[in-house]
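A quick write-up on the structure given underneath.
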Amino acid sequence: MTDYTNTSLELPYFETTKFPKKEIKNEPDGSWYKVETMYGRITTEKPTACPHCNEAHSVEINQHLFATLKHLYLGNVLLCIHIEYLQYWCTQCSRTCIQEIPFKQKEHFITKAYYNQIVGLLGKSKASIAGIAASLKTSWKIVKNIDKKQLKEKYPDLKPTHYSPYIAVDEFSLHKGHRYATVVIDWQTGEILFLEEGNREEQLHHFFDHVGRDWMKHVKAISMDMNAQYNKAIKTRYPHIKIIYDGFHIIRNFNDRIITELRRLEQNRLKEQEDEIRQSIKKTRKVCTPLQVGSEKKKELLQQLHEDYQALNLIRNDYTKLKHSRFHLLSSREGLRKKDEVAREHNRELNEKYEKKGLSLPPGERKWSIFNEKKLDTVLTSNEHLNIAFFLGDQLKGALQTRNIEDLKSGMDQWLALSKKYEVKIPMLKSFNKMLTTRMDGILSRAVYPISNGPLEGVNHMIKTTRRAAYGYRDQEYFFLKIWDNSRIYIKSRRIA
Numbered sequence: 006m007t008d009y010t011n012t013s014l015e016l017p018y019f020e021t022t023k024f025p026k027k028e029i030k031n032e033p034d035g036s037w038y039k040v041e042t043m044y045g046r047i048t049t050e051k052p053t054a055c056p057h058c059n060e061a062h063s064v065e066i067n068q069h070l071f072a073t074l075k076h077l078y079l080g081n082v083l084l085c086i087h088i089e090y091l092q093y094w095c096t097q098c099s100r101t102c103i104q105e106i107p108f109k110q111k112e113h114f115i116t117k118a119y120y121n122q123i124v125g126l127l128g129k130s131k132a133s134i135a136g137i138a139a140s141l142k143t144s145w146k147i148v149k150n151i152d153k154k155q156l157k158e159k160y161p162d163l164k165p166t167h168y169s170p171y172i173a174v175d176e177f178s179l180h181k182g183h184r185y186a187t188v189v190i191d192w193q194t195g196e197i198l199f200l201e202e203g204n205r206e207e208q209l210h211h212f213f214d215h216v217g218r219d220w221m222k223h224v225k226a227i228s229m230d231m232n233a234q235y236n237k238a239i240k241t242r243y244p245h246i247k248i249i250y251d252g253f254h255i256i257r258n259f260n261d262r263i264i265t266e267l268r269r270l271e272q273n274r275l276k277e278q279e280d281e282i283r284q285s286i287k288k289t290r291k292v293c294t295p296l297q298v299g300s301e302k303k304k305e306l307l308q309q310l311h312e313d314y315q316a317l318n319l320i321r322n323d324y325t326k327l328k329h330s331r332f333h334l335l336s337s338r339e340g341l342r343k344k345d346e347v348a349r350e351h352n353r354e355l356n357e358k359y360e361k362k363g364l365s366l367p368p369g370e371r372k373w374s375i376f377n378e379k380k381l382d383t384v385l386t387s388n389e390h391l392n393i394a395f396f397l398g399d400q401l402k403g404a405l406q407t408r409n410i411e412d413l414k415s416g417m418d419q420w421l422a423l424s425k426k427y428e429v430k431i432p433m434l435k436s437f438n439k440m441l442t443t444r445m446d447g448i449l450s451r452a453v454y455p456i457s458n459g460p461l462e463g464v465n466h467m468i469k470t471t472r473r474a475a476y477g478y479r480d481q482e483y484f485f486l487k488i489w490d491n492s493r494i495y496i497k498s499r500r501i502a
C-alpha cells in the first residue's frame, strides 16, 4: 500500500519507495527503544506558477532533497518518515521554492500526528516538559516551544476576563539575589490577574494601566502585606479602594521586628560575654602556668578559673536554649499545648504497640517531644524582655480576631496604649507602634471586608511547585504563562461572610 491519506498514520501524498528499516537505539541510562524508518517520496503536483513572481510555467526541478521526520511513538517503537521532496527553480526570477509536505508540522521536523501527540500529553498529563520529551524520545526544547505557542494562543494578552471586586497583591521570589516579581490575583476565584518582575510602586501602576480604569472602578478592596510601595500606588490612583492589611502579615511583622530581633540581640550579648570569659580564662592560665604548685597566688587563680568555667557553661546553656527557641517563641501557647497532647498520644500508641511487647521501634518511627510548652516557659522565665514581647504578641493576636469594627478599634487602641509602656525596655516597639498607627485604616477595614492574603499564599506555593517541577525556568515569559495557566485549572468560588 502506498497511499496513507485516509489511515490513522495521516500521511497524505506519501508514497513508499523501499522497505522500512528497523534499528535499536541505546539510551544513557541503559534502556533502549526501537526505531522504524519508512522511506518514501512526496507525490504532490508540480506548481503551475512561481510563488514569488507568479509567472506561469516557469518552474523547473532544481534538486532532490531529503528529510527525516519523527512521526509517532507507540509502545517502545519510534516511527520515523524519511521523505524525498523536490526543490524548484524559477527561470524568470531565479528564486527557489520547495515542494509542499502536507503532513509536516511547520517550524519543526516532525509530522502533524507527532505534534498532536505532544499537545495531547501537554493537555492531559501532569508530567514535566523533560518527562514528556523523554516519553516521546524528542528534545525538551521542541516540547517547550510547542507548549509556549499553545499558551500564547490561549492567553494572547494576559488580561482578566471578568470584573473582580476583591483582589490581593503580593511579591514572590523570582530568582536568587533578591529579585522579586509582583502578582495580583482575584481573591474569589484564585485566578492570577497580573504578573511583572519587580516589587515596587510602578508595578501596581502598570497593573492599573493594563486592566484599565473601567475595570478598577469595580474593585472594592485589596488585600496586601505591609508593603509601603503598594500602599502608595493605590492611594495615589484609586483612593476609593479599601486597603486590607492581612492579619497574618501583621503578626509576622511583629515576630520579625520584635521577638526575632530581641532573641538575636540576646544571643549576641551572650556571645560577647562568652568571648570575654574565654579571653579571661586564657590570660589567667597564662599567668597561672609558671607559678609554683601550692602557692596562694596559684590557688586564687585556679579558683578564678573554676568560677569562669562555671559561668561559661551557664552562658553556653542559655545560648543553646535561645538558639533552638525560635519555633516556640513564634508559636502560640495553645498551639504548643496541642502539639504536646498529640505527641503524648503518639508516644502512648508506640508504647502499647511495641515497647510493652518487648519490641524495638521500627525504622523511621521515634518518640516525639512532649516538652514544647515547658521549653517556652524556660526561655520566657530566663529573659524578661522576651517574656514581655511574647505577652504583647498574644494580646495582638487576640485583638485582631474580632469581626466587629468597634471592638477591633477598641482592642487596637488598648494594645497600643499597653505597648507604649514598654517602649523604654524594648526600643523596637516604638517603630512598630508607629507603623501600626499610620496603617490603622487598613487594619480596621478587615472588619468590613474580612479578606486576607491566604489565597495568595496558596498561589505562591503553586508558583514554587511549578518552578520545582521544571527545575527552574530560563524563559521568564514562558514561566509566567505556565503559572497563569495553572491558576485557572481549579477555579475557586470564595464569598465574603
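Count the sequence shown with the numbering used here and you get residues 6 to 502, in order. Quick reminder that beta carbons are idealized off the backbone N, C-alpha and C, glycines included.
With 16 other CB atoms within 10 Å as the buried threshold, where does Glu346 fall?
Position 341 of the sequence shown holds residue 346. Glu346 comes out exposed.
Starting from Trp94 and walking both ways along the beta strand (DSSP E), at which residues does that stretch end?
Reading the sequence shown from its first residue, position 89 is the one you call residue 94. Counting along the chain, the beta strand (DSSP E) containing Trp94 begins and ends at Val82 to Cys95.
Counting C-beta neighbours from all protein chains within 10 Å, is the total for Ala61 16 or more, i.e. buried, or is it exposed?
Sequence index remark: in the sequence shown, residue 61 carries index 56 (1-based). With fewer than 16 other Cβ atoms within 10 Å, it is exposed.
On the criterion of 16 or more Cβ atoms from any shown chain inside 10 Å, does Ser450 qualify as buried, or is it exposed?
Stepping through the sequence shown from its first residue, residue 450 is reached at position 445. So Ser450 counts as buried.
Does Gln46 come out as helix, strand or coil in the three-state DSSP assignment?
Along the sequence shown, read from residue 1 onward, the residue named residue 46 stands at position 41. At residue 46 the sequence reads Arg, which differs from the Gln that was named. Three-state result, Arg46: strand.
Would you kindly report the start and end of the unbroken beta strand (DSSP E) that includes Thr21?
Here residue 21 refers to the residue found at position 16 of the sequence shown. Counting along the chain, the beta strand (DSSP E) containing Thr21 begins and ends at Phe19 to Asn31.
To which residues does DSSP link Trp37 through a beta bridge?
By one-based count along the sequence shown, residue 37 stands at place 32. In DSSP, Trp37 forms a bridge with Asn31.
For my contact list, Thr471 and Asn491 are in at a C-beta cut-off of 8 Å; report their separation, rounded to the angstrom.
As a working mapping, residue 471 is identified with position 466 in the sequence shown. As a working mapping, residue 491 is identified with position 486 in the sequence shown. Contact holds; Cβ gap of about 6 Å.
Check each candidate in Ile468, Arg46, His113 and Lys30 and name the one with the smallest Cα separation from Lys23.
As a position in the sequence shown, residue 23 is number 18, starting the count at 1. Measuring from the Cα of Lys23, the nearest candidate turns out to be Arg46.
Straight-line CA distance for Leu397 to Asp418?
Counting from 1 along the sequence shown, the entry for residue 397 is found at position 392. Counting from 1 along the sequence shown, the entry for residue 418 is found at position 413. Distance between the alpha carbons of Leu397 and Asp418 is about 13 Å.
Give me the DSSP bridge partner(s) of Asp191.
For the purposes of this step, residue 191 is identified with residue 186 of the sequence shown, where counting begins at 1. BP columns for Asp191 point to Ile172.
N-terminal and C-terminal residue of the beta strand (DSSP E) that Thr248 is part of
The residue given as residue 248 occupies position 243 in the sequence shown. The sequence shown places Ile at residue 248, not Thr. That run of the beta strand (DSSP E) goes Lys247 to Tyr250.
Pick from Gln122, Lys164, Glu158 and Tyr168 that is closest to Ile147, judged by C-alpha positions:
For the purposes of this step, residue 147 is taken as residue 142 along the sequence shown, with counting starting at 1. Comparing Cα-Cα distances from Ile147 to each of Gln122, Lys164, Glu158 and Tyr168, the minimum goes to Gln122.
Take the Cβ of Pro460 as the centre, count every other Cβ of all protein chains shown within 10 Å, and call the residue buried at 16 or more, exposed below.
The residue given as residue 460 occupies position 455 in the sequence shown. By the neighbour-count rule (16 or more Cβ atoms within 10 Å), Pro460 is buried.
So the alpha helix (DSSP H) Phe213 belongs to, where does it begin and stop?
Counted from its first residue, the sequence shown places residue 213 at position 208. Taken as a continuous stretch (DSSP letters only), the alpha helix (DSSP H) holding Phe213 covers Glu206 to Val216.
In chain order, what are the residue ranges of uninterrupted alpha helix (DSSP H) at least 4 long that sit wholly in the segment 115-172?
117-129, 134-141 and 145-159
Does the segment 480-488 come close enough to the segment 437-450 to have 3 or more Cβ pairs within less than 8 Å?
no
For Phe108, which option in Phe19, Lys302, Gly403 and Gln155 has the closest C-alpha, if you only look at C-alpha atoms?
For the purposes of this step, residue 108 is taken as residue 103 along the sequence shown, with counting starting at 1. With distances taken between Cα atoms, Phe108 lies closest to Phe19.
Any idea what DSSP makes of Cys293, helix, strand or coil?
Taking the first residue of the sequence shown as position 1, residue 293 is located at position 288. Cys293: helix per DSSP, three-state reduction.
So is Gly195 buried or exposed if we call it buried at 16+ other beta carbons inside 10 Å?
Looking up residue 195 in the sequence shown gives position 190. Its Cβ being crowded by 16 or more others within 10 Å, Gly195 is buried.
Which one of Trp145, His333 and Lys129 has the shortest CA to CA distance from Gly516?
Because the chain here runs from 6 to 502, residue 516 falls outside it and cannot be looked at.
Identify which residue in Met433, Lys225 and Lys75 has its Cα closest to the Cα of Ala118.
Position 113 of the sequence shown, counted from the start, is the residue given in the question as residue 118. Nearest C-alpha to Ala118: Lys75.
Kindly indicate which residue of Leu355, Asp382 and Thr383 has the alpha-carbon position closest to the one of Glu370.
Position 365 of the sequence shown holds residue 370. Selected option, being the one with the closest Cα: Leu355.
In this structure, how does DSSP classify Ala226 when only helix, strand and coil are distinguished?
Translated into the one-based positions of the sequence shown, residue 226 becomes position 221. Strand.
Report the rounded CA-to-CA distance for Asn318 versus Ala226, giving the unit in angstroms.
Here the question's residue 318 lines up with position 313 in the sequence shown. Here the question's residue 226 lines up with position 221 in the sequence shown. In a straight line, the C-alpha of Asn318 is about 55 Å away from that of Ala226.
Note down the Cα distance separating Glu32 from Asn81, rounded to an integer number of angstroms.
The residue labelled residue 32 in the question sits at position 27 within the sequence shown. The residue labelled residue 81 in the question sits at position 76 within the sequence shown. Going from the Cα of Glu32 to the Cα of Asn81 covers about 13 Å.
For Ala186: DSSP bridge partner residues:
Stepping through the sequence shown from its first residue, residue 186 is reached at position 181. Answer by DSSP bridge pairing, in chain order: Phe177 and Glu202.
Give me the Cβ distance between Gln193 and Arg408, rounded to the nearest whole Å; I'm assuming they're in contact under 8 Å.
Mapped onto the sequence shown, residue 193 falls at position 188. Mapped onto the sequence shown, residue 408 falls at position 403. At roughly 19 Å, the Cβ-Cβ gap does not stay under 8 Å, so Gln193 and Arg408 are not in contact.
Taking the alpha-carbon of Lys247 as reference, which of Asp261, Met229, His390 and Glu176 has the nearest alpha-carbon?
Walking along the sequence shown from the start, residue 247 turns up at place 242. If we check each option's Cα against that of Lys247, Met229 comes out closest.
Classify Trp489 as buried or exposed, calling it buried when 16 or more other Cβ atoms lie within 10 Å of its own Cβ.
For the purposes of this step, residue 489 is taken as residue 484 along the sequence shown, with counting starting at 1. By the neighbour-count rule (16 or more Cβ atoms within 10 Å), Trp489 is buried.
Kindly indicate which three-state DSSP category Gln481 falls into: helix, strand or coil?
By one-based count along the sequence shown, residue 481 stands at place 476. Helix, per DSSP.
Would you say Lys304 faces chain C, with C-beta separation under 9 Å as the test?
Of the chains in the structure shown, none is chain C; there is only one protein chain.
Inter-residue Cα distance where the pair is Gly299 and Glu277
Position 294 of the sequence shown, counting from 1, holds the residue named residue 299. Position 272 of the sequence shown, counting from 1, holds the residue named residue 277. Each residue's Cα considered, the two are about 33 Å apart.
Secondary structure at Ala394, three-state DSSP: helix, strand or coil?
For the purposes of this step, residue 394 is taken as residue 389 along the sequence shown, with counting starting at 1. If DSSP states are grouped into helix, strand and coil, Ala394 belongs with the helices.
Go to Lys469, then tell me how far its alpha helix (DSSP H) extends in each direction, as first and last residue.
For the purposes of this step, residue 469 is identified with residue 464 of the sequence shown, where counting begins at 1. Start and end: Gly459 to Ala474.
Alpha carbon to alpha carbon, how far is Met440 from Gly217?
The residue given as residue 440 occupies position 435 in the sequence shown. The residue given as residue 217 occupies position 212 in the sequence shown. For Met440 and Gly217, the distance between alpha carbons rounds to 31 Å.
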